[in-house]
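A.B. asks: Residue numbers (this note's numbering): 142 to 364. All C-beta atoms, glycine included, are put in the ideal place defined by N, C-alpha and C.
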């Protein structure tokens with residue numbers, strides 16, 4: 142697809158995939174906007190692909206607690222005595238850990254306690270899955286000062302949306318937007334020319350609207 146500034150200067154888009162590897166399952170992509178030899182701006186996208194979830198979160202909640210919450214150093218298989226000891230240190234009383242260490246608590250009883258831990262964190266884990274897995278979000282968008290107010294931010298959002306749409310994914314705008322900042326100005330421009338839709342997400346006890354750009358089929362498939 143061909144892009145140009147409001148002044149008619151050609152914008153060349155460059156897609157950079159997985160620019161920050163080994164990040165607990167997240168992938169970070171970048172779209173760079175070039176005018177001549179100058180990188181005028183860029184947009185970062187991040188999310189957890191479902192295949193990464195399957196590979197890196199095989200133990201579900203327990204891997205999430207270890208990788209994201211930093212709570213359990215799970216170096217043993219789920220369901221083993223050593224795992225129960227480690228998990229007890231993180232989530233149960235020290236007295237429970239000592240009983241396990243001294244062999245005074247049957248493993249079945251310990252695992253029942255750990256099932257209670259799973260139930261306690263189930264809601265937060267589901268929110269994590271619903272918010273990040275196959276839900277690309279704009280992490281950051283920046284335009285160099287000399288190139289601002291020329292439509293480059295809008296072009297970056299369109300190109301990034303087209304890229305994610307090619308993977309049958311929506312690109313969600315960040316919910317961390319500074320009032321009066323450039324991102325809000327870009328979204329206002331987008332809403333005047335294109336369709337902006339909302340999806341209600343859940344975070345904590347709040348329902349949070351997540352907006353995304355809906356492009357026409359012709360625009361999605363433009364060369």
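Could you check whether the stretch 289-304 touches the stretch 261-269, counting it as contact only if at least three pairs of C-beta atoms, one from each stretch, sit closer than 8 angstroms?
C.D. replies: As far as the Cβ criterion goes, the stretch 289-304 does not touch the stretch 261-269, which means the pair count is below three.
A.B. asks: Use the C-beta contact count for residue 276: other C-beta atoms within 10 angstroms, 16 or more gives buried, fewer gives exposed.
C.D. replies: buried
A.B. asks: Helix, strand or coil: how does DSSP classify residue 266 here?
C.D. replies: helix
A.B. asks: Looking at the structure shown, is residue 307 part of a helix, part of a strand, or coil, going by DSSP?
C.D. replies: coil
A.B. asks: Tell me, which residues are paired with residue 164 by DSSP?
C.D. replies: Here residue 164 is bridged, per DSSP, to 167.
A.B. asks: Buried or exposed, going by whether 16 or more other CB atoms sit within 10 Å of the CB of residue 349?
C.D. replies: exposed
A.B. asks: Residues in the same chain with beta-carbon distance under 7 angstroms from residue 302, minus the five sequence neighbours each way, listed in chain order, please.
C.D. replies: So the list reads 312, 354 and 356, once near-sequence residues are dropped.
A.B. asks: Would residue 170 be called buried (16 or more neighbouring beta carbons within 10 Å of its own) or exposed?
C.D. replies: buried
A.B. asks: Can you tell me whether residue 234 is buried or exposed, with buried defined as 16 or more other CB within 10 angstroms of its CB?
C.D. replies: exposed
A.B. asks: Among all the DSSP beta bridges, which residues are the ones paired with residue 154?
C.D. replies: 174
A.B. asks: On a CA-only basis, which of 304, 284 and 300 is nearest residue 326? Give me that one, please.
C.D. replies: 284
A.B. asks: Give me the Cα-Cα distance between residue 151 and residue 181, rounded to the nearest whole angstrom.
C.D. replies: Separation of residue 151 and residue 181 (C-alpha to C-alpha, rounded to the nearest whole angstrom) is 11 angstroms.
A.B. asks: Looking at the secondary structure, which residues open and close the beta strand (DSSP E) in which residue 355 lies?
C.D. replies: 347-355
A.B. asks: Give the single residue among 162, 189 and 178 whose Cα lies nearest to the Cα of residue 272.
C.D. replies: Distances from the alpha-carbon of residue 272 to those of 162, 189 and 178 put 189 closest.
A.B. asks: Under DSSP, the alpha helix (DSSP H) around residue 236 begins and ends at which residues?
C.D. replies: 235-242
A.B. asks: Express the C-alpha separation of residue 308 and residue 288 in angstroms, rounding to a whole number.
C.D. replies: Between the alpha carbons of residue 288 and residue 308 lies a gap of roughly 30 angstroms.
A.B. asks: Taking DSSP's pairing of strands, which residues face residue 261 in a bridge?
C.D. replies: DSSP lists no partner for residue 261.
A.B. asks: According to DSSP, what are the bridge partners of residue 281?
C.D. replies: 185
A.B. asks: Closer than 7 angstroms by C-beta to residue 145: which residues in its own chain qualify, once you throw out the five before and the five after it? Chain order, please.
C.D. replies: 151 and 152
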